[in-house]
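K.L.:
Below is the structure I would like to discuss, written out as C-alpha cells.
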Amino acid sequence: MSTALLEVDGVSRIYSRGSLLSRRQFAAVDRVSFGLDADRAEIFTVVGESGSGKTTLARMILGMVAPTAGAIRFKGRDVSHIRGRRARLDFMKEVQPVFQNPFEAFNPMKRVDRYLFATARRMAGLGETAAIADAADVALKSVGLSLAEVRGRFPHELSGGQLQRVAIARALISRPALLVADEPVSMIDASLRAAIVNLLRDLRDRLGVSIIYITHDLATAYYISDRLLIMRRGEAVETGEARAVLDRPQHPYSQLLKASVLPPDVPSEPGGRLRADPIIPQGASSHA
Amino acid sequence: MKTYPTYILTRLGQFVLVVFIGINIAFIVTHSTPIDPVEQSIAAATQYGSTSPEAIALMRQSLKELYGLQGGLADQYFAFWRRILLGDFGPSLSAFPTPVSVLVGRALPWTAGLLLSSTLLTWVLGNLLGGLAGYYRQSRALRFAGILAMAFHPIPYYVVAFVLLIVFGYLWPILPLSGGYGMNMTRALSWGFIGSVALHSILPVLSLALVGLGGWFMGMRSLVSNIVTEDYVAYAELGGVKRSRILASYVMRNALVPQVTGLAMSLGAIFNGAIITEQVFGYPGVGTLLVSAVYAGDYSLVLGITTVSIVAVSLAVLLIDLCYPLIDPRVRAR
C-alpha cells in the first residue's frame, strides 16, 4: 500500500431538524471509515436501505456536503478544503459523479453533446474542435454509443438508458481516477441494468477507474463488487471482501438484508420467506 | 411530431375560432340587454317639452337607421359582421356621431400603457426576485422580501389602490389623485406632458404591482427551489461553473418556462384589471369608457371595446405561444 487514492477517516455528518423549540439532531453518516488504494482499481460498493446515509456519504466524497466530523482525503488532500473554480475543476478531473436519475443529470434546455464538449474543453483541457469531438466520441464509444447518435440531441430525445450511458461517458472524458456512482441503475429498465453494471466492471478492468458504487440492490452488488460496506442508519455495520461478506454475513442486519432478497427459486407458499419487515431494503423484493 | 408550420397553422386556426366565438358572445350579450339606446336618445331629446307622436316615430325611425338597428336580429348580426370585417364599429350611440373606433383609439393607449407596463414590470421583477430568493435561500434580505410579497399578495388590488390614494394623495399629498395627466396640460409630445403622464401613472402601477408581484415571486421561488436540487445543477456546481451562470442558464432558464405560460394567461386578464383600477384613479382608459358605455346602453361602443380586447388578448397569447418553441426545446418541432 504505497499511496491512498481516497481516505474516508471517521466521517460523520450531523443534521438537525425540527422547529426552533424541538431541535433534534441525527447523524446521517456516523463515523464511517474506509480507504481506496491508488495502485489497484476496484469497485467499492456501499449498500444500505434508503435513509442509511449512502447518498450523504457520496455527497461528502464529492465535496458537495462538508463533514461535521472526520475528514475525507483524496490523494492526501482534504476534499472539504477545495475552494474556488480552479481547484474544483482540478478535483473534478479526477473524481466524477454519476447520478441516480439520468433524466435529472442534464439540463433539459441544453443539448447533451454540449455537455460532452464542455467537459472535454474544461476538464480535459482540449482546445481544437476536432480533438474535442474526438474525445467525446471515444468516451461515447466506450459506453456503447457514438457521437453520431447523440449529436444535437436534447435530453428528452434520448432514453433513460442512453442518457445514463451519456452521463457515464461524460464522466470518463477527463480520464478520472475515481467514479462516484450513486444508484446509477435504480432508475433504469431492468433489461438495461446488466449492461450498465457490466460497463462499470469493464471500466475498472480496461481503464483502471476505481468506482464507488452506491446501491440498495444486493444482487448487482454481489455481482460486481470487490469490497463492500453495509450501512444502516449512518453507521457502517459490516465491511470487507464482497463475496465473503455476502456469503457469510456476520452482523444481524447484514444477515437480515441478505435474507430479504428473494432467491430466484422462491417457493410461493404462504408464510414463506417474504416478511413484512419495516427494514427490508427498498426495492430488494423486486429483484428476483 | 408536428412540424413548426403545422403548429403555426393550427395555432392560427385556434386564434380565429376564439376571436369568432368571443365576438359572437359579446354580440348576444349586448343585444339581450333591456336597455334600448334608441329609446334612451328619444327620452333625452324629448325631455324638455312635448313632441308630437309623429315626430317621435320619425325620430325613432331615423335613429334606428343611423344606429344600424333596423331589421331583425339576423339582419343586424350580418350587418355587424360586415362592418367588423371592414374595421368599422359604427358610430357611438351615446356620443353620437363620434365613431366607436375614435373613442376606443383614444382610450386604448392609456390602458395598454398602464396595464401592459405594470404586468410586464411585475412579471420581470417578481421572477427575478423569486429566482434569486429560491437560489440564495440564506439571504436575509430576500427572505424578508418573500414575507412582504406574501403579505401583500392576498389583498385585493383596489384596496391597495385606495390605501395608496389615501397615503400619497391625502396624508402626504405628493402624487396626483386622479386622471391620466395634468388638467392644464395639452396633449403634445413634450417632456412636460410625458412627465405628467408618468407622475399620474405611479399610483395605479404601484397598486397593481404590489399585489401582482407576490404571485410571481412565490411561484418562481418554489419552481427554483425544486430545480436547485436537480442533479444537473449539482453537477454544474461541482464543476465550478459560476453561480451567476448556474442561476441564469440552468436554474432560471428552466423555471421560466411555466412562468411564460402564466404571463400569457395574465395578459388575458389585463382588461379585467383595467376596469376597477381605472375607476379608482379616474384613468381615461378603456375600462372607464366601457363602464360609461354600459350605463348608457351604448352597445356599439361596448361591442367595439369587447371586440378590440378579445382580439388584443388572443393576439398576445398567440404571439407568446408562437415564441414558446424558442424557449423550450421540448416543444420545438423538428
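Line by line, the protein sequences give chains L and G.
Under the numbering used here, think of the first position of the first sequence as 1, with each following residue one higher.
Under the numbering used here, think of the first position of the second sequence as 289, with each following residue one higher.
Glycine included, each C-beta is placed from N, C-alpha and C at the ideal position.
Given the structure is predicted, the values throughout are model-derived calculations rather than measurements.
1) Shortest alpha-carbon distance to alanine 449(G) belongs to which of Leu477(G), Ser405(G), Leu494(G), Pro442(G)?
2) Tell me which residues share the same chain as tyrosine 223(L) and place their Cβ nearer than 7 Å to its Cβ, disregarding the 5 neighbours each side in the sequence.
3) Residues of chain L with CB closer than 7 Å to the CB of tyrosine 445(G), please, in chain order.
4) Only counting the same chain, and skipping five residues up and downstream in sequence, which positions put a Cβ closer than 8 Å to that of aspartate 376(G)?
5) On a Cα-Cα basis, can you pick out the residue from Met506(G), Tyr571(G), Leu603(G), Met473(G) that is closest to phenylalanine 303(G)?
6) With 8 Å set as the bound, which would you pick, yes or no: does the beta-carbon of leucine 526(G) sit closer than that to a beta-carbon of chain L?
7) Mind checking which residues open and close the alpha helix (DSSP H) that includes glycine 483(G)?
8) Mind listing the chain G neighbours of phenylalanine 117(L)? Cutoff is C-beta to C-beta under 8 Å, in chain order.
9) Please return the same chain residues whose Cβ sits closer than 6 Å to the Cβ of tyrosine 612(G), not counting the five positions on each side in sequence.
10) Which value, in whole angstroms, describes the spacing of the CA atoms of valine 516(G) and methionine 60(L)?
11) Any beta carbon from chain G within less than 8 Å of phenylalanine 154(L)'s own beta carbon?
12) At least one CB of chain G closer than 8 Å to the CB of arginine 17(L): is that the case?
13) Given a cut-off of 8 Å on the beta-carbon distance, is the pair arginine 77(L) and aspartate 9(L) in contact?
14) Mind listing the chain L neighbours of arginine 618(G)? Cutoff is C-beta to C-beta under 8 Å, in chain order.
15) Mind pulling the chain L residues with CB within less than 7 Å of aspartate 519(G)?
16) Nearest-angstrom Cα distance between arginine 227(L) and glutamate 241(L)?
17) Are there 16 or more other CB atoms within 10 angstroms of the CB of isoleucine 309(G), so buried, or fewer, so exposed?
18) Just to confirm, are arginine 233(L) and serine 16(L) a CB contact at a threshold of 8 Å?
19) Using a Cβ-Cβ cutoff of less than 7 Å, which residues in the same chain neighbour arginine 111(L) once the five nearest sequence positions on both sides are dropped?
20) Residues of chain L with a CB under 7 Å from the CB of alanine 241(G): which are they?
21) Output yes if chain G places a C-beta closer than 8 Å to the C-beta of methionine 92(L); else output no.
22) Exposed or buried, what is valine 451(G) when buried is set at 16 or more other beta-carbons lying within 10 Å of its beta-carbon?
23) Which of helix, strand or coil does DSSP assign to methionine 64(L)?
24) Residues of chain G with CB closer than 7 Å to the CB of leucine 298(L), please, in chain order.
25) Contact between the segment 485-503 of chain G and the segment 533-547 of chain G: three or more CB pairs below 8 Å?
26) Cβ of methionine 540(G) less than 8 Å from any chain L Cβ?
27) With a 10 Å radius around its C-beta and 16 neighbouring C-beta atoms as the bar for buried, classify phenylalanine 432(G) as buried or exposed.
28) Tell me the rounded alpha-carbon separation between aspartate 30(L) and leucine 218(L).
29) Pick out whichever of Leu477(G), Asn542(G), Arg509(G), Val568(G) has its Cα sitting closest to the Cα of isoleucine 435(G).
30) Going along chain G, which residues have a C-beta under 8 Å from leucine 289(L)?
31) Could you check if valine 266(L) is buried or exposed, using at least 16 other CB atoms within 10 Å of its CB as the buried criterion?
32) Is the shortest distance between the beta-carbon of leucine 89(L) and the beta-carbons of chain G less than 8 Å?
33) Reducing DSSP to helix, strand and coil, say where asparagine 537(G) ends up.
34) DSSP on valine 138(L), reduced to helix/strand/coil?
35) Taking aspartate 586(G) as the reference, give the member of Leu413(G), Ile615(G), Phe384(G) with the closest Cα.
36) Using CA atoms only, rank isn't needed, just tell me which of Tyr469(G), Ser329(G), Ile323(G), Ile311(G) is closest to leucine 373(G).
P.N.:
In brief:
1) Leu494(G)
2) Val197
3) Neighbours of tyrosine 445(G) on chain L: none; closest Cβ ~34 Å, over 7 Å.
4) Pro387, Ser389
5) Checking every option, the nearest Cα to that of phenylalanine 303(G) belongs to Leu603(G).
6) For leucine 526(G), the nearest CB of chain L lies under 8 Å from its own CB, placing it at the interface with that chain.
7) 479-515
8) Correct list: empty, because the minimum Cβ distance to chain G is about 13 Å.
9) Val619
10) 18 Å
11) yes
12) no
13) no
14) Pro108, Phe154, His156
15) Under the 7 Å cutoff, chain L gives Phe99, Asn101, Glu104, Ala105.
16) 4 Å
17) That one is exposed.
18) no
19) So the qualifying residues of the chain are Gly152, Arg153, Phe154.
20) Residue 241(G) cannot be examined here, being either before or after the span of chain G that is shown, 289 to 622.
21) Closer than 8 Å to some Cβ of chain G, the Cβ of methionine 92(L) qualifies, so yes.
22) Under this definition valine 451(G) is an exposed residue.
23) coil
24) The shown model of chain L, from 1 to 288, leaves out residue 298(L), and the question about it has no answer.
25) Taking 8 Å as the limit for Cβ pairs, the verdict is that the segment 533-547 of chain G does not touch the segment 485-503 of chain G.
26) no
27) exposed
28) 22 Å
29) Arg509(G)
30) This structure cannot speak to residue 289(L), because chain L is shown only from 1 to 288.
31) For valine 266(L), the predicted structure reports a pLDDT of 49, less than 50, and the residue's modelled location is therefore unreliable. The matter cannot be settled from this model.
32) yes
33) This sequence places serine at residue 537(G); asparagine is not what is there. DSSP, read as helix, strand or coil, puts serine 537(G) in helix.
34) Here DSSP, grouped into helix, strand and coil, assigns valine 138(L) to helix.
35) Phe384(G)
36) Ile311(G)
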